[in-house]
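Here my numbering is used: the sequence shown runs in plain steps of one and ends on residue 235. Below is one structure, written out as structure tokens, with a few remarks after it.
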Amino acid sequence: MTRISPSILSSDFSNLEQEIKSLDKAGADWIHIDVMDGCFVPNITLGAPIVKAIRPHTRLPFDVHLMIRDPLAYIPDFLTAGADIITFHLESESDTKETIAAIRAGGAMASLSIKPATPVQAVFPYLDTLSMVLIMSVEPGFGGQSFQESCLEKIRILRREAQKRDLPLLIQVDGGIDENTIALCAAAGADTFAVGSTIFRADDRKAAIQHLRIAAQG
């Protein structure tokens with residue numbers, strides 16, 4: 018199953034309610050919410066109060082990607098705000114096992130992400146406790162970057178390891194996803210995709226999502 022998770026980092030922040038509703042109508046599977054603190058990455062976006070404010074406007078799962086220095090300290094806030102999936106970075110300062118445990122204890126899906134320079138094998142010790150791994154195909158911090166094909170081998174290695182362990186692991190890719198790159202990622206073993214400008218710049222968002230699904234299915 019291909020999951021398309023439009024990233025609201027590319028949305029019109031002055032009209033988030035309508036943007037969220039448009040994604041619902043367009044057939045999105047999840048809503049991807051990038052949270053940046055200006056410390057872990059060189060950008061600042063939004064926090065738990067915004068997540069809470071938009072939560073009533075859709076029943077779609079909130080796929081919250083924490084690009085912050087100390088995610089463990091903020092897990093309770095994002096759980097209360099309505100996050101369904103919480104991704105944090107292996108490279109953050111929080112204890113990885115404790116952060117995964119906090120997410121799972123709050124009833125959300127736990128996901129771990131790695132930057133392009135981090136070897137994918139670094140997530141292997143945690144796979145048995147994760148629902149998803151997010152492979153960054155760009156440097157985290159800003160939207161609109163070019164896709165880095167080096168992520169493809171990471172996806173292949175991770176998928177083989179998950180299959181070896183018989184784990185129902187989701188593999189998400191974030192950064193530079195369009196009809197061409199989604200096909201490459203899906204062929205490598207990814208099944209979940211955070212997509213920004215490809216959807217938000219489209220004249221017909223429903224068609225854009227459909228085209229992405231078709232491309233991912235080969």
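Ideal Cβ placement from N, Cα and C applies to all residues, glycine included.
Residue range of the alpha helix (DSSP H) that includes residue i
i: F164; result: No alpha helix (DSSP H) contains F164, which DSSP labels as neither H nor E.
i: I133; result: The sequence as given places Pro at residue 133; Ile does not occur at that position. Counting along the chain, P133 falls outside any alpha helix (DSSP H), and DSSP gives it neither H nor E.
i: T97; result: I92 to A98
i: I37; result: L33 to A43
i: I117; result: T113 to A122
Terminal residues of the beta strand (DSSP E) in which residue i lies
i: A211; result: T209 to V212
i: I85; result: Looking at the DSSP string, I85 is not in any beta strand (DSSP E), and its letter there is neither H nor E.
i: S22; result: R20 to P23
i: L151; result: M149 to M153
Coarse secondary structure for residue i, derived from DSSP in three states
i: R222; result: helix
i: F57; result: coil
i: P185; result: coil
i: S128; result: strand
i: I71; result: helix
i: D191; result: strand
i: E156; result: coil
Beta-carbon separation (whole angstroms), residue i vs residue j, contact threshold 8 Å
i: L187; j: M153; result: Not quite, the Cβ-Cβ distance comes to about 15 Å (not below 8 Å), so this is no contact.
i: T198; j: F164; result: 5 Å
i: I216; j: P23; result: 5 Å
i: K132; j: G99; result: Incorrect: roughly 27 Å between the Cβ atoms, too far for contact.
i: S130; j: I102; result: 11 Å between Cβ atoms; not a contact.
i: K171; j: V137; result: 4 Å
Close beta carbons around residue i, own chain, < 8 Å, minus the five adjacent residues each side
i: P93; result: A119 and G123
i: F141; result: E178
i: D264; result: In this structure the chain extends from 18 to 235, so residue 264 is not present and cannot be described.
i: L169; result: L201, C202 and A205
Cβ neighbours of residue i in the same chain (closer than 7 Å, five flanking residues each side left out)
i: G55; result: I61
i: E196; result: H228, L229 and A232
i: G64; result: V52
Spatial neighbours of residue i in its chain, beta-carbon cut-off 6 Å, leaving aside the 5 residues before and after
i: A233; result: T19, I199 and A203
Sheet register partners of residue i (DSSP bridge)
i: F105; result: L83 and L129
i: I50; result: V81
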